[in-house]
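Below: the structure, in structure tokens.
2 protein chains.
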Amino acid sequence: MALIVQKYGGTSVGSAERIKNVARRVARWKGKGHDVVVVVSAMSGETNRLIALAKEVQGTPDPRELDVALSTGEQVTIALLSMALIDLGVRARSYTGGQVKIMTDSAFTKARIVSIDEARIRADLAHGHVVVVAGFQGVDEAGNITTLGRGGSDTTGVALAAALKADECQIYTDVDGVYTTDPRIVPEARRLSTITFEEMLEMASLGSKVLQIRSVEFAGKYRVKLRVLSSFEEEGEGTLITFEEDDKMEQAIISGIAFNRDEAKITILGVPDRPGIAYQILGPVGDANIDVDMIVQNVGHDGLTDFSFTVHRNDYQKTLDTLKPVIAHIKARGIHGGDKIAKVSAVGVGMRSHAGIASTMFRALAEEGINIEMISTSEIKVSVVIDEKYMELAVRVLHKVFGLDQPAA
Amino acid sequence: MALIVQKYGGTSVGSAERIKNVARRVARWKGKGHDVVVVVSAMSGETNRLIALAKEVQGTPDPRELDVALSTGEQVTIALLSMALIDLGVRARSYTGGQVKIMTDSAFTKARIVSIDEARIRADLAHGHVVVVAGFQGVDEAGNITTLGRGGSDTTGVALAAALKADECQIYTDVDGVYTTDPRIVPEARRLSTITFEEMLEMASLGSKVLQIRSVEFAGKYRVKLRVLSSFEEEGEGTLITFEEDDKMEQAIISGIAFNRDEAKITILGVPDRPGIAYQILGPVGDANIDVDMIVQNVGHDGLTDFSFTVHRNDYQKTLDTLKPVIAHIKARGIHGGDKIAKVSAVGVGMRSHAGIASTMFRALAEEGINIEMISTSEIKVSVVIDEKYMELAVRVLHKVFGLDQPAA
Numbered sequence: 133m134a135l136i137v138q139k140y141g142g143t144s145v146g147s148a149e150r151i152k153n154v155a156r157r158v159a160r161w162k163g164k165g166h167d168v169v170v171v172v173s174a175m176s177g178e179t180n181r182l183i184a185l186a187k188e189v190q191g192t193p194d195p196r197e198l199d200v201a202l203s204t205g206e207q208v209t210i211a212l213l214s215m216a217l218i219d220l221g222v223r224a225r226s227y228t229g230g231q232v233k234i235m236t237d238s239a240f241t242k243a244r245i246v247s248i249d250e251a252r253i254r255a256d257l258a259h260g261h262v263v264v265v266a267g268f269q270g271v272d273e274a275g276n277i278t279t280l281g282r283g284g285s286d287t288t289g290v291a292l293a294a295a296l297k298a299d300e301c302q303i304y305t306d307v308d309g310v311y312t313t314d315p316r317i318v319p320e321a322r323r324l325s326t327i328t329f330e331e332m333l334e335m336a337s338l339g340s341k342v343l344q345i346r347s348v349e350f351a352g353k354y355r356v357k358l359r360v361l362s363s364f365e366e367e368g369e370g371t372l373i374t375f376e377e378d379d380k381m382e383q384a385i386i387s388g389i390a391f392n393r394d395e396a397k398i399t400i401l402g403v404p405d406r407p408g409i410a411y412q413i414l415g416p417v418g419d420a421n422i423d424v425d426m427i428v429q430n431v432g433h434d435g436l437t438d439f440s441f442t443v444h445r446n447d448y449q450k451t452l453d454t455l456k457p458v459i460a461h462i463k464a465r466g467i468h469g470g471d472k473i474a475k476v477s478a479v480g481v482g483m484r485s486h487a488g489i490a491s492t493m494f495r496a497l498a499e500e501g502i503n504i505e506m507i508s509t510s511e512i513k514v515s516v517v518i519d520e521k522y523m524e525l526a527v528r529v530l531h532k533v534f535g536l537d538q539p540a541a
Numbered sequence: 133m134a135l136i137v138q139k140y141g142g143t144s145v146g147s148a149e150r151i152k153n154v155a156r157r158v159a160r161w162k163g164k165g166h167d168v169v170v171v172v173s174a175m176s177g178e179t180n181r182l183i184a185l186a187k188e189v190q191g192t193p194d195p196r197e198l199d200v201a202l203s204t205g206e207q208v209t210i211a212l213l214s215m216a217l218i219d220l221g222v223r224a225r226s227y228t229g230g231q232v233k234i235m236t237d238s239a240f241t242k243a244r245i246v247s248i249d250e251a252r253i254r255a256d257l258a259h260g261h262v263v264v265v266a267g268f269q270g271v272d273e274a275g276n277i278t279t280l281g282r283g284g285s286d287t288t289g290v291a292l293a294a295a296l297k298a299d300e301c302q303i304y305t306d307v308d309g310v311y312t313t314d315p316r317i318v319p320e321a322r323r324l325s326t327i328t329f330e331e332m333l334e335m336a337s338l339g340s341k342v343l344q345i346r347s348v349e350f351a352g353k354y355r356v357k358l359r360v361l362s363s364f365e366e367e368g369e370g371t372l373i374t375f376e377e378d379d380k381m382e383q384a385i386i387s388g389i390a391f392n393r394d395e396a397k398i399t400i401l402g403v404p405d406r407p408g409i410a411y412q413i414l415g416p417v418g419d420a421n422i423d424v425d426m427i428v429q430n431v432g433h434d435g436l437t438d439f440s441f442t443v444h445r446n447d448y449q450k451t452l453d454t455l456k457p458v459i460a461h462i463k464a465r466g467i468h469g470g471d472k473i474a475k476v477s478a479v480g481v482g483m484r485s486h487a488g489i490a491s492t493m494f495r496a497l498a499e500e501g502i503n504i505e506m507i508s509t510s511e512i513k514v515s516v517v518i519d520e521k522y523m524e525l526a527v528r529v530l531h532k533v534f535g536l537d538q539p540a541a
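Protein chains in written order, with my numbering: chain A, 133 to 541; chain B, 133 to 541.
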């Protein structure tokens, strides 16, 4: 008998019929003798409906009051799911974030969980109840309702699993796991049976959005066993996100190919190569609230160097405008950039112990005539920036060259 | 400077635009220097939507979970109204029933208020805030969300006014006050500037539904000054419901003519006139969960009497079925009844000190050829049961004969 925390997203609970399906699944787990805590999101569309209503009343809704309104979405779902469970003869009780004492800071609309008082849940579990908890919400020290921001229900699930020392936290979504890459681009893409937290973080932040990134960090920090599963399939193992590299398992060098076409690149040419110059460039960018992703600076020649970085595509023009006066000030030769780029990354903890990943990658791209515009590497990934039009080709080539289309040994 | 509690019903907050209108009205009161606490209902239609959703999931929704779902309706409104107030530059904060500690018993879907901890509201008022509280809901000792039943927002308003010792509790609705009778039947019907609690109770229970009856009882018990006003008119005094007869004011003998066509009458003929016979008849009726309204028994002759009473029209057939075996058992002569009846009542505290009200009433009806089938009187009302087809005529005649169509002196 295990203690399982299950989280169901908005699509999984999007109608009365789907809520009944979730109830049947929960009842099966309960029927096997497990203790089950369920975290649910608002029914799909509900959060957007409430935001629209709020904006009709106040252009920029007051954050405290917006959280009071938004938290009702999950509150309706917990009630409905509990009814569906009771209808199946399963004892069930619902709790809002505030009732179960999910304590957060007071940063309305993007609060962070501070602590969870799990006593009430444990008491209900001991009495044979399934406990249904509203995701996405909590309460601050003064008793104000808070929300955790978009996708915050994942974080609620993981935080509850951590507080309860659950055996597993299952995230039910509309995909059946994490894939080696997007199957829409590479039909041969395979579902990974396991992936490490570090790989998951790189995959998630690079665009393979399955889980909210914060929930993955949270799971890694508190060593919660996290599993991604489909709520629309009866069976299936999904993908287990492990917090350690498992030596016993077949260890692929590369776990997946991630990609992203939301970025634009900026290059400042002929930058005087002296201490503090990077700050002089990126300081104003940060002050303008523009997030920078990759940063590349090569060794200089004759006291000059080129300095490149990427930003979100929406911030491209704003970045150029911000840097125009800076160029003159630091006496750089010029600035250019482009927003028709894509970032493609090979991710895998296996590359730590394998030389030559980068060169394999570069050779494969060269053989297809794909020019690499920027390169950035970390312990477990190699990323390249290329022309946007080659993105799908690059993903397919790299997926093949690293053997990701072969069934796991 | 006064402390005012205002309550706005579902129609008054039925859209973003209407919520903004309510905010402007609240802002005007606040602008005059008053402390204002606002109680709101769910947006019109929202409670029914939630009930329908719940029934889709569970035929008879679990009461605890139904309350968790239903309470979200008011929670959305408090957030939206607070936003609208903040948008007007008015400091405002919303509270759910649980946050403001409206403590109730644990009778889900029909809980009763036990106590209110008004400290938090007082602190906010002292800081110049308008406090917006969700009507219809509370929390029990264990922290479970409860609701007060249909129309419970009126009760929340009155209970808050009592707890805060407010100077006035204003109930905003879609009528501009309490009328001498229904203006749809008598165009000359006048709005009453004042009415006593006792009269209001008689008027409300007799069909002039403006306020939830429980809230009126509550207001009477805690001596809360209650005023009914229209939320769709800019000005207007509405009707003040007073807890004492005001000698200084022009005192009409009759305040209003109430009526009701929801009832059916049952007469048991030739009942042996002996002690305990009323119980033998009404005991089985009560056991069948049928509510009885008027009961009339005349003095008997030759050891026999006729025993009549009225029930809700929906319970008419059930009552006949219930009594069939009883008739035989008590050896009554027979039973008959009818559901094409109406009850018309003259209500007024003034009749206490005036003889002849009943006879004026009976003569006026007789002059129109209206036969009286049953009569029942209390300290402040005289009710007659007549054929349904004469109801409008009877109301108009009585409204005129008691001078209710004349402007108050």
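Backbone N, C-alpha and C fix where the C-beta goes; we use that ideal spot for every residue, glycine too.
- Leaving aside the five residues that flank residue 374/B on each side, the residues in its chain whose CB is nearer than 6 Å to its CB run, in chain order, 326 and 328.
- What residue 178/A touches in chain B, judged by beta-carbon distance under 8 Å, is nothing: the nearest beta carbon there is about 10 Å away.
- Secondary structure at residue 332/B: helix, using DSSP grouped into helix, strand and coil.
- Within the model, the alpha-carbon separation for residue 444/B versus residue 177/A is close to 43 Å.
- C-alpha of residue 489/B to C-alpha of residue 497/B: approximately 13 Å in a straight line.
- In this structure, the alpha-carbon of residue 368/B lies about 7 Å from that of residue 361/B.
- Neighbours of residue 193/A in chain B, taken as residues at a C-beta separation under 7 Å, are given in chain order as 215.
- Any Cβ of chain A closer than 8 Å to the Cβ of residue 204/B would place that residue at the interface, and such an atom is present.
- For residue 198/A, the residues of chain B that pass the 8 Å Cβ criterion are 211 and 215, in the order they occur in the chain.
- The continuous beta strand (DSSP E) containing residue 505/B extends over residues 504–510.
- Residue-level contact by beta carbon holds for residue 231/B and chain A, with a gap shorter than 8 Å.
- The closest CA to that of residue 510/B, considering only 478/B, 420/B and 501/B, is found on 478/B.
- Nearest CB-CB separation between residue 280/B and chain A: not below the 8 Å threshold.
- Within the stretch 276–325 of chain B, the complete alpha helix (DSSP H) segments at least 4 residues long are 284–295, listed from N- to C-terminus.
- The stretch 199–210 of chain A makes contact with the stretch 257–273 of chain A, as at least three CB pairs between them are under 8 Å.
- Uninterrupted alpha helix (DSSP H) stretches at least 4 residues long and entirely within the stretch 342–402 of chain A occur at 345–353, given in chain order.
- If you draw a 10 Å sphere on the C-beta of residue 395/A, you find 16 or more other C-beta atoms in it, and that means buried.
- Under the Cβ criterion of 8 Å, residue 347/A is not counted among the residues facing chain B.
- At a cut-off of 8 Å, the C-beta of residue 159/A has no neighbouring C-beta in chain B.
- In the three-state reduction of the DSSP assignment, residue 492/B falls in the helix class, which pools H, G and I.
- The alpha carbon of residue 410/A has as its nearest neighbour, out of 464/A, 390/A, 359/A and 389/A, the alpha carbon of 464/A.
- Around the Cβ of residue 449/A, a 10 Å sphere holds fewer than 16 other Cβ atoms; the residue is exposed.
- Considering only beta carbons, no part of the stretch 511–534 of chain A lies closer than 8 Å to chain B.
- Going by beta carbons, residue 296/B and residue 169/B fall inside the 8 Å limit.
- In the three-state DSSP reduction, residue 327/A falls in the strand class (E or B).
- With fewer than 16 other beta carbons inside 10 angstroms of its own, residue 468/B counts as exposed.
- A direct Cα-Cα distance of roughly 23 Å separates residue 201/A from residue 240/B.
- 473/A is the residue among 430/A, 473/A and 420/A whose C-alpha sits nearest the C-alpha of residue 442/A.
- Any Cβ of chain A closer than 8 Å to the Cβ of residue 152/B would place that residue at the interface, and such an atom is present.
- Contact between residue 358/B and residue 290/B holds, with the beta-carbon distance rounding to 7 Å and staying under 8 Å.
- The DSSP assignment places complete beta strand (DSSP E) segments of no fewer than 3 residues inside the stretch 141–192 of chain B at 167–172, in order along the chain.
- From the beta-carbon of residue 314/B, no residue of chain A is found nearer than 9 Å; the closest lies around 35 Å away.
- Nearest CB-CB separation between residue 207/B and chain A: below the 8 Å threshold.
- The beta carbon of residue 323/B lies closer than 6 Å to those of 309 and 311 in the same chain, with the five residues before and after it left out.
- In chain order, 296 place their CB closer than 8 Å to the CB of residue 254/A, counting only its own chain and leaving out the 5 sequence neighbours on each side.
- In terms of Cα proximity to residue 499/A, the closest of 533/A, 513/A and 244/A is 533/A.
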